[in-house]
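Every letter in the sequence shown is one number past the one before it in our numbering, and letter 150, counting from 1, is 1081. We put the beta carbon where it would ideally sit given N, CA and C, even for glycine. Just so you know, these numbers come straight off a predicted model, no measurement behind them.
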Amino acid sequence: FKQHITEQNMADSNNFQYQDLTVLKTVTSTIRKMDEVLDGIKPLFENKIGKFSKDSSRSTRLSEERYVNWYSVIKDNIQLYSIEVGFYWWDNEISLALRVYIPKKEKNKDAAKIKKFFDTKLPDWETEDWDDAYNFWHYDYVAKFIIDNEEQIPSMISFLKEGINKLEHFKD
932 FKQHITEQNM ADSNNFQYQD LTVLKTVTST IRKMDEVLDG IKPLFENKIG KFSKDSSRST
992 RLSEERYVNW YSVIKDNIQL YSIEVGFYWW DNEISLALRV YIPKKEKNKD AAKIKKFFDT
1052 KLPDWETEDW DDAYNFWHYD YVAKFIIDNE EQIPSMISFL KEGINKLEHF KD
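Here it is in structure tokens:
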């Protein structure tokens, strides 16, 4: 199995590969485009949902294979839920998404009640029930925007604005 992984160039390596050099040449351009999308929805997000996390926080999530901003609802020092917006590459596809994240930590005794609330308010959003959290997703694949739209960034911004408008009545 290990040999197959290595032959298919699927193993993480501590050494640079030519593929890494190609990525380094384009990473700043890619981040600039992702920033343009997130900056494009920031005023609406902050007006309808709440204050964005710092712009610099986006890059802190790169190791988790996401580039996002978020707004967290905290009560008595307990995170009840957060709303994230950005890019995710957790699976084989890269997604653009709004995500409602509800941690199931022992301290968050209201997690099931909060999930039920979002179940009724966001019936067309995809839901996931992880061991440690509930998730609600308004997403589409970035590749779809590339295929379907000449003006990809404005289309991505419009897509996210649709989701933000569905969330607006949750603002504190």
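8 Å contact criterion, which residue i and residue j should meet: CB distance rounded
i: Trp-1056; j: His-1069; result: 5 Å
i: Val-1016; j: Ile-962; result: That belief does not hold up - the Cβ atoms of Val-1016 and Ile-962 are roughly 16 Å apart, past 8 Å.
For residue j and residue i, the rounded distance between their alpha carbons
i: Lys-1035; j: Pro-1054; result: 21 Å
i: Leu-1139; j: Asn-946; result: Because residue 1139 is not part of the residues shown, which for the chain are 932 to 1103, the question remains open.
i: Asp-970; j: Lys-956; result: 23 Å
i: Lys-964; j: Glu-1059; result: 28 Å
i: Tyr-998; j: Ser-1089; result: 18 Å
i: Ser-984; j: Phe-1018; result: 15 Å
i: Leu-952; j: Val-958; result: 10 Å
i: Phe-1067; j: Asp-1007; result: 24 Å
i: Lys-1040; j: Asp-986; result: 31 Å
i: Ile-1078; j: Asn-1096; result: 25 Å
i: Ala-1074; j: Lys-1052; result: 28 Å
i: Ser-960; j: Ile-1014; result: 26 Å
i: Asp-966; j: Asp-1022; result: 21 Å
i: Val-954; j: Val-968; result: 20 Å
Cβ-Cβ distance between residue i and residue j below 8 Å
i: Gly-1094; j: Leu-1029; result: yes
i: Lys-1038; j: Ile-1005; result: no
i: Leu-1091; j: Lys-979; result: no
i: Tyr-949; j: Glu-1024; result: no
i: Ser-990; j: Asn-1000; result: no
Residues near residue i by beta carbon distance below 8 Å, same chain, minus five either side
i: Lys-982; result: Tyr-1002
i: Phe-1076; result: Leu-1027, Gln-1083, Ser-1086, Met-1087, Phe-1090
i: Trp-1020; result: Glu-996, Arg-997, Ser-1026
Cβ neighbours of residue i in the same chain (closer than 7 Å, five flanking residues each side left out)
i: Ile-1033; result: Tyr-1012, Ala-1042, Ile-1045, Lys-1046, Ala-1064, Tyr-1065
i: Phe-1049; result: Val-1031, Phe-1067
i: Ser-944; result: none
i: Glu-977; result: Phe-983
Close Cβ partners of residue i (< 6 Å) along its chain, the five nearest in sequence each way excluded
i: Leu-993; result: none
i: Met-941; result: Low local confidence applies: a pLDDT of 49 at Met-941 is under 50, so the model's placement there is unreliable, and no value is given.
i: Asn-1080; result: Ser-1086
Entirely enclosed alpha helix (DSSP H) segments - the stretch 996-1059, minimum 4 residues: 1042-1052
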